Amino acid sequence: MDKIRFATVWLAGCSGCHMSFLDLDEWLIELAQQVDVVFSPVGSDIKVYPEHVDVCLVEGGVANQDNLELLLQVRRQTKLLISFGDCAVTANVPAMRNMLDGAEAVLKRTYLELADYTPQLPHEPGIVPELLDQVVPVHQVVPVDIYMPGCPPPADRIRATLEPLLRGEMPVMEGRDMIKFG
16 MDKIRFATVW LAGCSGCHMS FLDLDEWLIE LAQQVDVVFS PVGSDIKVYP EHVDVCLVEG
76 GVANQDNLEL LLQVRRQTKL LISFGDCAVT ANVPAMRNML DGAEAVLKRT YLELADYTPQ
136 LPHEPGIVPE LLDQVVPVHQ VVPVDIYMPG CPPPADRIRA TLEPLLRGEM PVMEGRDMIK
196 FG
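Residue numbers (this note's numbering): 16 to 197.
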């Protein structure tokens with residue numbers, strides 16, 4: 016049997032979902048025997064998202080141009096996309112900046128009004144990604160196959176989502192243990 020081509024992606028979020036993934040502890044050894052990790056910010060130096068990915072966990076909201084471009088590429092090249100954690104599912108904490116009404120207002124507030132020294136707007140194309148006017152959840156940009164809420168999702172929920180996929184089945188995402196936010 017071929018191994019599942021597995022990826023994880025970190026957009027606008029705190030990386031707490033990836034930390035919770037690492038809380039799978041010993042089960043990570045079992046998982047590693049059944050998947051090829053082809054892209055991840057955790058323990059990988061791969062810079063380009065590969066083609067023909069079977070399953071990808073996407074953490075975080077979509078906040079800037081780099082997030083948007085990566086997410087579009089992930090969706091094109093991935094069979095099963097999982098919205099991983101509350102920021103991916105609802106935009107959660109990163110979307111708090113939406114109250115400031117647009118990217119320009121966010122940049123002015125952050126880099127000019129609240130600056131202690133040398134207030135200036137960051138502008139380094141190719142280095143500093145352009146902010147989108149609003150932070151949005153993953154499903155507002157691309158179709159999502161599975162929603163796994165939680166801030167972060169507990170390791171037990173992550174495992175209960177992935178185990179059926181390893182058997183070629185879809186997980187049952189219902190009940191408090193699987194769909195509770197926060």
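C-beta atoms are modelled at their ideal positions from N, C-alpha and C, and glycine is treated no differently. What you are looking at is a predicted structure, and each value in this text was computed from that prediction instead of being measured.
Can you look up residue i in the DSSP assignment and give me helix, strand or coil?
i    : result
C71  : strand
K123 : helix
M34  : helix
Q135 : coil
D81  : helix
V150 : strand
L39  : coil
A106 : coil
E45  : helix
M188 : coil
V89  : helix
Taking residue i and residue j to be in contact with their CB atoms under 8 Å, please state how far apart those CB atoms are, rounded to whole angstroms.
i    : j    : result
V77  : A27  : 7 Å
N113 : V52  : N113 to V52, Cβ: 33 Å. No contact.
L127 : L136 : 7 Å
L147 : L86  : Contact flag wrong, Cβ pair sits at about 11 Å.
L95  : V70  : 5 Å
E66  : Q48  : Wrong, their Cβ atoms sit about 23 Å apart, outside the cutoff.
H33  : W42  : 15 Å between Cβ atoms; not a contact.
Check the DSSP bridge columns for residue i and list the partner residues they point to.
i    : result
G76  : A27
D51  : R20
I97  : L72, I161
L129 : In the DSSP output, where bridge partners are listed per residue, L129 has none listed.
From what residue to what residue does the alpha helix (DSSP H) around residue i run?
i    : result
D171 : 170-181
L194 : Just to set this straight, residue 194 is Ile in the shown sequence, not Leu. Start and end: 191-194.
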